[in-house]
Amino acid sequence: MVKWPFSRTTLERTVWTILVWLLFGLFVLGPLLTVVAFSFTSSVLSGTGTFTLTWYGQLFSQPGLYGPLIRTFEVAIIVVAFQLFFGTLVAYSTVRKRVFAASALDTLSNITIAVPSVVVGLSLLAFYGPFGPFAAFTDFLFGNPVSLTWTLWILVFAHMLETFPYMVRSVGAVLLKLDEHLESAARSLGARRLHVFLTITLPQLKPGLVAGSVLVLSRSIAEFGATIIVVSAVLKTAPIAIFTQAEAGSLELASAYSVVLMVVSFVAYVLMSRWLLRGELVT
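Just add 1322 to the spot in the sequence shown (first one is 1) and you have my numbering.
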């Protein structure tokens, strides 16, 4: 009988490792590394491109190119701050049944996950546009219709709608596991509901707030479907700028954009995670 130099367990683990890494490289690492390579290539389409930093030079020297990157992170930070308040409020209200029809509200809070992003964008244009309910309401109140079409506000609203379920689900999952007896004991001793929430409940929600904030940040940075419907040429975000460059045939510049977005997104993700976990935002 032939004696193998490796045990059967080791051999199975080796084969499994090769298979998993092969699939991971094929579907994840391969495409990402190709984008990185394209960003340092003088000409992808010619097939004879050489190493260059030209595309990064263009990206950081022209305001029309780096402006969308800055705008992307400005919007993402605003959205995270909003969801920390509103998403937590809705999660608490639905899990603890503080509102009527809490189950319906909980179900509806997932609607933007089920509905295509472009539909969300179109619904915002319809509602906040010059002929929508918002314009009619402001005309009734102030005698002048207000339209948010092609403004920064509607861009922020689009990102808020698309990221809302992630904070609600993250915080709600933690709330479901919390023991309510501590809160009940504090209220029985005369503590007000708001004080109980701020001193007992909120500190225990830190894992959900961290997870929700990271998910909201990542989702906002990557948002494309709703954004391309509501955004104007002046208010592009980074994903829209990448799409524009790729559509124009500039794969190299689009790749440089993508690499910068990947790096900055990853750094922002790490910093936010550590900041929140240290308790600088939630104590």
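Just so you know, even glycine gets a beta-carbon here, dropped at the ideal spot from N, CA and C. Since we're looking at a predicted model, the values are computed, not measured.
Quick check: the Cα distance between A1570 and R1335, rounded to an integer number of angstroms?
Residue numbering aside, residue 1570 sits at position 248 when the sequence shown is read from its first letter. Residue numbering aside, residue 1335 sits at position 13 when the sequence shown is read from its first letter. Roughly 46 angstroms separates the two Cα atoms.
Segments assigned alpha helix (DSSP H), at least 4 residues, entirely inside the segment 1465–1516:
1474–1499 and 1503–1510
On the three-state DSSP scale, how would you describe T1363?
Looking up residue 1363 in the sequence shown gives position 41. Looking at T1363 - three-state DSSP - the assignment turns out to be strand.
Measure the alpha-carbon distance for W1472 versus L1557 and round it to whole angstroms.
Translated into positions along the sequence shown, residue 1472 becomes position 150. Translated into positions along the sequence shown, residue 1557 becomes position 235. Rounded to whole angstroms, W1472 to L1557 spans 8 angstroms at the Cα level.
In the structure shown, what three-state DSSP assignment does A1413 receive?
Counting from 1 along the sequence shown, the entry for residue 1413 is found at position 91. A1413: helix per DSSP, three-state reduction.
Based on Cα-Cα distance, which residue from G1512, A1480, L1527 and L1477 lies nearest to L1497?
Counting from one through the sequence shown, the residue named residue 1497 turns up at place 175. Nearest option by C-alpha distance: L1527.
When DSSP builds the beta bridges, which residues end up paired with I1382?
Here the question's residue 1382 lines up with position 60 in the sequence shown. Per the sequence presented here, residue 1382 reads as Phe, with Ile not at that position. Paired residue(s): none; F1382 is not in a bridge.
By the three-class DSSP mapping on this structure, what secondary structure does F1588 have?
Residue mapping note: residue 1588 aligns to position 266 of the sequence shown, counting from 1. The answer is helix: DSSP assigns F1588 an H, G or I state.
Cβ of F1486 within 8 angstroms of Cβ of G1547?
The residue labelled residue 1486 in the question sits at position 164 within the sequence shown. The residue labelled residue 1547 in the question sits at position 225 within the sequence shown. Taking 8 angstroms as the Cβ cut-off, F1486 and G1547 do not qualify as a contacting pair.
Please classify Q1567: is it buried, with 16 or more other beta-carbons within 10 angstroms of its beta-carbon, or exposed?
Here residue 1567 refers to the residue found at position 245 when the sequence shown is read from its first residue. Answer is buried; the Cβ neighbour count reaches 16.
Can you tell me the Cβ-Cβ gap for V1421 and L1430, rounded? I've got them flagged as a contact below 8 angstroms.
Against the sequence shown, residue 1421 aligns to sequence position 99. Against the sequence shown, residue 1430 aligns to sequence position 108. Actually they do not touch by this definition, with Cβ atoms about 12 angstroms apart.
Label Q1384 either buried or exposed according to how many other C-beta atoms from any shown protein chain fall within 10 Å of its C-beta, with 16 as the threshold for buried.
To locate residue 1384, count along the sequence shown from 1; it is residue 62. Q1384 should be labelled exposed.
With 16 other CB atoms within 10 Å as the buried threshold, where does H1481 fall?
By 1-based counting over the sequence shown, the position of residue 1481 is 159. With 16 or more Cβ atoms within 10 Å of its Cβ, H1481 is classed as buried.
For M1489, tell me which candidate among L1355, T1416 and L1354 has the shortest Cα-Cα distance.
For the purposes of this step, residue 1489 is taken as residue 167 along the sequence shown, with counting starting at 1. Checked all of L1355, T1416 and L1354; the closest Cα to M1489 is T1416.
Inside the segment 1522–1576 only - alpha helix (DSSP H) runs reaching at least 4 residues
1528–1544, 1547–1552 and 1560–1569
Can you tell which of N1466, Y1450 and G1454 has the C-alpha that lies nearest to the C-alpha of W1475?
As a first step, residue 1475 is located in the sequence shown; it is residue number 153 there, counting from the start. Of N1466, Y1450 and G1454, the residue nearest in Cα terms is Y1450.
Do you know how far the Cα of L1444 is from the Cα of T1374?
Walking along the sequence shown from the start, residue 1374 turns up at place 52. Walking along the sequence shown from the start, residue 1444 turns up at place 122. Cα to Cα, T1374 sits roughly 41 angstroms from L1444.
Hey, V1401 and V1538: beta-carbon distance below 8 angstroms or not?
For the purposes of this step, residue 1401 is taken as residue 79 along the sequence shown, with counting starting at 1. For the purposes of this step, residue 1538 is taken as residue 216 along the sequence shown, with counting starting at 1. Their beta carbons are under 8 angstroms apart, which means V1401 touches V1538 by this criterion.
Do three or more CB pairs link the segment 1506–1517 to the segment 1377–1393 at distances below 8 angstroms?
no
For V1553, which of T1394, V1337 and G1371 has the nearest alpha-carbon?
The residue you call residue 1553 lines up with position 231 of the sequence shown. It is T1394.
Given this structure, state the Cα-to-Cα distance separating V1397 from A1403, to the nearest angstrom.
Within the sequence shown, residue 1397 is the residue found at index 75, counting from 1. Within the sequence shown, residue 1403 is the residue found at index 81, counting from 1. Roughly 10 angstroms separates the two Cα atoms.
Compute the Euclidean distance between the alpha carbons of S1572 and L1348, then round it to the nearest angstrom.
Residue mapping note: residue 1572 aligns to position 250 of the sequence shown, counting from 1. Residue mapping note: residue 1348 aligns to position 26 of the sequence shown, counting from 1. Cα to Cα, S1572 sits roughly 24 angstroms from L1348.
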